[in-house]
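Enquirer: After the structure tokens below, expect a handful of questions from me.
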Amino acid sequence: MDKETYQKTLNKQKRKGNSSLCCVICGEDDPDLIEMHHISGRNNSDQVQPLCKNCHFKVTKEQNKLSPKARSGNASTEQKRAFQLVSIGALLKELGTQLIDLGNEMVQNV
């Protein structure tokens with residue numbers, strides 16, 4: 068997905084007040100804070116998920132620990148697989164932290 072298509076899609080969803088536009092990690096739903104995250108990187112997939120700016124930064128920071136060569140569209144099959152694992156792992160890591168925090172909060176409030 069090129070940047071122009073991405074921006075048009077995001078703007079269209081914001082105009083419609085799309086309720087599904089909330090961060091899949093923390094639940095933030097302010098449209099001005101939501102960005103579409105390319106799950107396997109912009110060069111490797113058009114699959115996106117909404118993340119707030121904070122969660123997007125954390126996940127992308129983890130992805131960027133791999134070399135640009137390993138993240139590029141020209142990466143080897145093995146490098147692309149490794150990048151997918153890191154990408155999905157970064158999402159799950161942040162989601163796991165949120166779930167642990169929620170569970171601990173629920174236990175304290177029972």
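My numbering puts the first residue of the sequence shown at 68, with every later residue one more than the last. Even glycine gets a Cβ: it sits at the ideal position worked out from N, Cα and C.
Between leucine 162 and leucine 118, what straight-line distance do the alpha-carbon atoms span, to the nearest angstrom?
Expert: Near 11 Å, if we compare the C-alpha coordinates of leucine 118 and leucine 162.
Enquirer: Quick check: what's the CA-CA separation for lysine 125 versus alanine 142?
Expert: 23 Å
Enquirer: Between histidine 104 and histidine 123, what straight-line distance do the alpha-carbon atoms span, to the nearest angstrom?
Expert: 7 Å
Enquirer: Can you look up isoleucine 92 in the DSSP assignment and give me helix, strand or coil?
Expert: coil
Enquirer: Looking at C-beta atoms only, is the number of pairs between the region 140–160 and the region 105–112 that lie closer than 8 Å three or more?
Expert: yes
Enquirer: Does DSSP put glutamine 146 in a helix, in a strand, or in coil?
Expert: helix
Enquirer: Might you give, ordered along the chain, the residues of its own chain that have their beta carbon closer than 8 Å to the beta carbon of aspartate 96, omitting 5 neighbours on each side?
Expert: Ser86, Leu88, Cys89, Cys90
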